[in-house]
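A quick write-up on the structure given underneath.
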Amino acid sequence: MHQNPRSTHNIEENKKSKELNKLRDKSKHGGGKKRIQQQHEKGKLTARERIELLVDEGTFVEIDEFVTHQNSKFNMAENKPLGDGVITGYASISGRTTFLYSQDFTVFGGSLGKAQADKICKVLDLAVKTGSPVIGLLDSGGARIQEGVDSLAGYGNIFYRNTQSSGVIPQISIILGPCAGGAVYSPALTDFILMSRSNAFMFVTGPEVVKAVTGEDVSFYELGGSEVHGSLTGISHLVGDTEEETIDLAKKLLSYLPQNNLDEPPIRFDDVIEIDQSDLVAIIPPAENEPYDMKRIIEILTDAESFFELQEEWAKNIVIGFARVGGSTVGIIANQPLYLGGAIDYHASDKASRLIRFCDSFNIPILTLVDVPGFMPGIKQEHEGIIRHGAKLLFAYSEASVPKISLIVRKAYGGAYIVMSSKHLGTDINLAWPSAEIAVMGSEGAVKILHRKKLKEEKEPEKVLADFAQKFKDEFANPYQAAERGYIDKVIHPEETRREIVFALHLLQNKREQTPRRKHGISPV
Ligand code: HXC
Numbered sequence: 105m106h107q108n109p110r111s112t113h114n115i116e117e118n119k120k121s122k123e124l125n126k127l128r129d130k131s132k133h134g135g136g137k138k139r140i141q142q143q144h145e146k147g148k149l150t151a152r153e154r155i156e157l158l159v160d161e162g163t164f165v166e167i168d169e170f171v172t173h174q175n176s177k178f179n180m181a182e183n184k185p186l187g188d189g190v191i192t193g194y195a196s197i198s199g200r201t202t203f204l205y206s207q208d209f210t211v212f213g214g215s216l217g218k219a220q221a222d223k224i225c226k227v228l229d230l231a232v233k234t235g236s237p238v239i240g241l242l243d244s245g246g247a248r249i250q251e252g253v254d255s256l257a258g259y260g261n262i263f264y265r266n267t268q269s270s271g272v273i274p275q276i277s278i279i280l281g282p283c284a285g286g287a288v289y290s291p292a293l294t295d296f297i298l299m300s301r302s303n304a305f306m307f308v309t310g311p312e313v314v315k316a317v318t319g320e321d322v323s324f325y326e327l328g329g330s331e332v333h334g335s336l337t338g339i340s341h342l343v344g345d346t347e348e349e350t351i352d353l354a355k356k357l358l359s360y361l362p363q364n365n366l367d368e369p370p371i372r373f374d375d376v377i378e379i380d381q382s383d384l385v386a387i388i389p390p391a392e393n394e395p396y397d398m399k400r401i402i403e404i405l406t407d408a409e410s411f412f413e414l415q416e417e418w419a420k421n422i423v424i425g426f427a428r429v430g431g432s433t434v435g436i437i438a439n440q441p442l443y444l445g446g447a448i449d450y451h452a453s454d455k456a457s458r459l460i461r462f463c464d465s466f467n468i469p470i471l472t473l474v475d476v477p478g479f480m481p482g483i484k485q486e487h488e489g490i491i492r493h494g495a496k497l498l499f500a501y502s503e504a505s506v507p508k509i510s511l512i513v514r515k516a517y518g519g520a521y522i523v524m525s526s527k528h529l530g531t532d533i534n535l536a537w538p539s540a541e542i543a544v545m546g547s548e549g550a551v552k553i554l555h556r557k558k559l560k561e562e563k564e565p566e567k568v569l570a571d572f573a574q575k576f577k578d579e580f581a582n583p584y585q586a587a588e589r590g591y592i593d594k595v596i597h598p599e600e601t602r603r604e605i606v607f608a609l610h611l612l613q614n615k616r617e618q619t620p621r622r623k624h625g626i627s628p629v
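Going by our numbering, the first residue of the sequence shown is number 105, and it counts up by one from there.
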């Protein structure tokens, strides 16, 4: 019997198509059902489930799903899972193209060998070529032990790309499991680190090595859990209670950011809802040292519910984050009188400088709210290098060429006045409320230094002290000396502030600033 060539062709096509579907199906199951079940039993989602939560439905395009490792040592040739423990590709997140990779703990504990590293490098390269953000979902035992130096080379290739793309595309790392050894340095080189509260941990050397070297007993969580990195080291910018919440935080973060350094941040007119500005006056207490919550001021000045705080539990004496004003993204840096009186210490300096540098790279205007008594005094501060850390903040503000707007709310004393986006560091619009006090230091401190000898000789030093302090206050406890010299552009009523900020942002949207040609400055890191 004669066989129809067309039907032979169809049978062949069908076979090939089936083979592809089979391979796809195999790739989708990572380390197999048992390991997926174990992952769920640990209260963790799989790499694919995480991607589903992150991206707009049906938009994920996977690449390199059939990549396998090429290692034959340690019987590895018999075990070549498709995809090699990481899922890579691109998708739309709230309508915006984003590249991503998601490590699959069910395959060799998500450990990274050459093939996995090459897959990650490919998406990092594509992200730069297309000017798109990149998000990594990390859950891995680190360098794949069986692959030796190839694993280390893989990490090196990733670190190199993280660094080369820094300031070109936003890079976000979401830690949802272990991130151990040198592996921590890829997230550390990215712009933002998010951790899930109970399953994520990051450390360079784990509890066993710590025990062997220092004799200290410590658990994974105590050594590098979300609480440690959220409040003690500041390495984590955001902590979510669950994996779902952590992924949601990443989506929200992305909504403030441009696609790349040549793009502008998205404008969101839908949340341009103003809050009653008259409430501002009542927030500032009459006494200069009385605390109040700076976040209340931020929330009133910015579009309703748009303030998105970063590193909330670390260096609480300075508040940083993104917000929108009139629909446009701004970076917020604000002293927080509720903690350490709002004084600047070495952690606060690092925290603020980093966000300033991020904003400067990605065309995000910086809004600074000032109420600062000075740099934090103390032996620990001096010995931990407040000189170097404080200099980072000066450097970051001076270097930033994006629109810079500042508002002095109450105190602005000494070096801290200069560092907090003063006119002298190239700030474009400097505003102050009538409650602003700009001086070299607080009144009592100043009088004690200026009249030390006289006070010793006085019979009633307290009275003399109070008289001098009052005179000093009358002279300096206002914004007008600075306004007379043009260091403050405008003294405004609190309820006029939002309007002034909206105008200033509009005015500065085409700002251009030329700096001398150089390779790069040397920030005091
Ligand atoms: C190869 C690994 C692995 C690794 C885990 N696995 N880590 N395989 N290389 N680095 C494998 C395990 O053998 C196991 O396989 C499976 O993954 C699951 O691991 P478990 O230990 O059963 O899981 P769990 O109890 O949840 O513990 C997870 C863990 C632990 C805490 C991550 O596996 C661990 O401590 N791993 C090593 C972490 C580490 O020290 N990494 C640093 C490597 S050095 P089976 O088949 O038995 O189920 C490094 C340097 C990089 O990263 C340098 C760059 C500059």
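For glycine and all other residues, C-beta sits at the position ideal for the given N, C-alpha and C.
Contacting residues, own chain, Cβ-Cβ under 8 Å from residue i (five flanking each side not counted)
i	result
F462	D295, G435, I468
K355	L158, I197, S198
R128	E169
I379	E403, I404, A408
Other residues of its chain near residue i: CB distance less than 6 Å, five sequence neighbours each side excluded
i	result
G135	T210, V211
A573	S547, E548, V551
I533	I509, D593, A608
E166	G193
I437	I424, A456, T472
C283	L242, M306
K527	N534, Y591
G329	F305
P598	L384, V385, W537
Within 8 Å, strictly: CB atoms of residue i and residue j
i	j	result
K223	Y194	no
G187	D208	yes
M480	I448	yes
G240	S277	yes
L216	A247	yes
L414	I401	no
L554	A536	no
N303	K138	no
S290	T350	no
Q220	G189	yes
E312	E541	no
L353	L298	yes
G625	E503	yes
K218	E251	yes
G344	V606	no
Three-state class that DSSP yields for residue i in the structure shown
i	result
L444	helix
R200	strand
P598	helix
L535	strand
K146	coil
F576	helix
D243	strand
D129	helix
V317	helix
F479	strand
G329	strand
T433	strand
Q194	For clarity, residue 194 is Tyr in the given sequence; the question names Gln instead. DSSP places Y194 in strand when its eight states are reduced to three.
Y264	helix
L473	strand
N365	coil
Y521	helix
R514	strand
R428	strand
E156	helix
I605	helix
Y591	coil
F324	helix
L216	strand
Nonlocal neighbours in the same chain, by C-beta distance under 7 Å from residue i, ignoring five residues either side
i	result
P565	L559
Q363	R200, G235, S236, P237
I273	A231, V232, G235, S236, P237, V238, N364
S323	P311
What are the uninterrupted segments assigned as alpha helix (DSSP H) that are 4 or more residues long and contained completely in the segment 280-313, given in chain order? 289-293
Hey, which unbroken runs of the alpha helix (DSSP H) at 4 residues or more fall wholly within the segment 382-408? Runs of the alpha helix (DSSP H) inside the segment 382-408: 384-387, 398-405.
Note down, one range per segment and in chain order, each beta strand (DSSP E) of at least 3 residues found wholly within the segment 535-573. Qualifying beta strand (DSSP E) stretches, in chain order: 541-543.
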